[in-house]
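Here the sequence shown is numbered in this note's numbering, starting from 2 and rising by one per residue.
We put the CB at the ideal spot given by N, CA and C, even for glycine.
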Amino acid sequence: MHYRNIIFVEAPLEEISDTRIEELVEQDMAPFHDEHWDGYLIGGAWPDTLNGKNIIPIKEIRQKHLDDCFDIIIDGAWFKREIYRPWLSVAKWFERKPKDQMPTARWIRQDHKMRKGGPEFQVFAVALDCHN
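Following this line, the structure appears as C-alpha cells:
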C-alpha cells in the first residue's frame, strides 16, 4: 500500500538545497524502516501535494495539508493516523483517530519557532509517498 505522509526536517540555512533536504529525509526516515515503510519517494504518487510543491517552508504548512495526509513524522516521532484493533471484526480493524489526537499545523508552526538550531536553521515540510 502507498500512503501520503508528511515529514518535517530541519536544515542549516547555509545548506538548504533539494539534495540536502533529501539527505535529511533519508536520515530521519531510517529509524522507521521495516516498521512503517519499506520504500518511499518524495512526492511519489502525490506530487505537488503541498501548495503545488513537494517541499515547503514550515511557515506555509496548513491544517488541510495535515488532514489530507495519512501519517506525520516530526522530531523522531511517527504519528499514526489510524488505530489498529485486530481483535474486532474486519470492518473495524482500522479506525481513523480524531483530529485532536494528532499534531496540528498551528502547534507545529509554533513549536518550531523555538527549535534547537535557532535562527540559523529552517524547518521544511516534505510530502512523502510511503510504501509498506
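Proximity to K32 [Cα-Cα], best of D76, P104 and H3: Residue 32 sits at position 31 when you count from the first residue of the sequence shown. In the sequence as displayed, the identity of residue 32 is Pro instead of Lys. Comparing Cα positions, the closest option is D76.
V91 burial status per 10 Å Cβ neighbour count (16 or more: buried): Here residue 91 refers to the residue found at position 90 when the sequence shown is read from its first residue. Counting Cβ neighbours within 10 Å, V91 comes out exposed, since fewer than 16 surround it.
Span separating the alpha-carbon of R82 from that of I43: The sequence position of residue 82 within the sequence shown is 81, counting from 1. The sequence position of residue 43 within the sequence shown is 42, counting from 1. The alpha-carbon atoms of R82 and I43 are separated by roughly 19 Å.
The segment 97-108 in contact with the segment 20-29 per 3-pair CB rule at 8 Å: The segment 20-29 and the segment 97-108 do not touch, with fewer than three beta-carbon pairs separated by less than 8 Å.
N133 beta carbon less than 7 Å from that of D72: Position 71 of the sequence shown, counted from the first residue, corresponds to residue 72. Position 132 of the sequence shown, counted from the first residue, corresponds to residue 133. No, they are not a contact pair.
Beta-carbon gap between P13 and F125 smaller than 7 Å: Walking along the sequence shown from the start, residue 13 turns up at place 12. Walking along the sequence shown from the start, residue 125 turns up at place 124. Not in contact: P13 and F125 (Cβ atoms no closer than 7 Å).
Where Y85 falls, given that 16 or more other Cβ within 10 Å makes a residue buried: As a working mapping, residue 85 is identified with position 84 in the sequence shown. By the 10 Å Cβ count, Y85 comes out exposed.
Residue range of the beta strand (DSSP E) that includes R5: Numbered from 1 along the sequence shown, position 4 holds the residue referred to as residue 5. Its beta strand (DSSP E) spans residues H3 to P13.
In DSSP terms, what V127 is bridged to: Stepping through the sequence shown from its first residue, residue 127 is reached at position 126. Bridge partners of V127: I8 and I56.
Residue span of the alpha helix (DSSP H) that contains I75, given as start and end: For the purposes of this step, residue 75 is taken as residue 74 along the sequence shown, with counting starting at 1. That residue, I75, is in no alpha helix (DSSP H); its beta strand (DSSP E) goes I73 to I75.
Identity of the residues DSSP links to R97 by a beta bridge: As a first step, residue 97 must be located in the sequence shown, where it is residue number 96. DSSP output for R97 lists E83 as bridge partner(s).
Of the residues E36, P87, I59 and D112, the one placed nearest A128, counting alpha carbons only: Mapped onto the sequence shown, residue 128 falls at position 127. Taking only the C-alpha atoms, the option nearest A128 is I59.
R5 and C70 closer than 7 Å at C-beta: Walking along the sequence shown from the start, residue 5 turns up at place 4. Walking along the sequence shown from the start, residue 70 turns up at place 69. C70 sits close to R5, with the two beta carbons spaced by under 7 Å.
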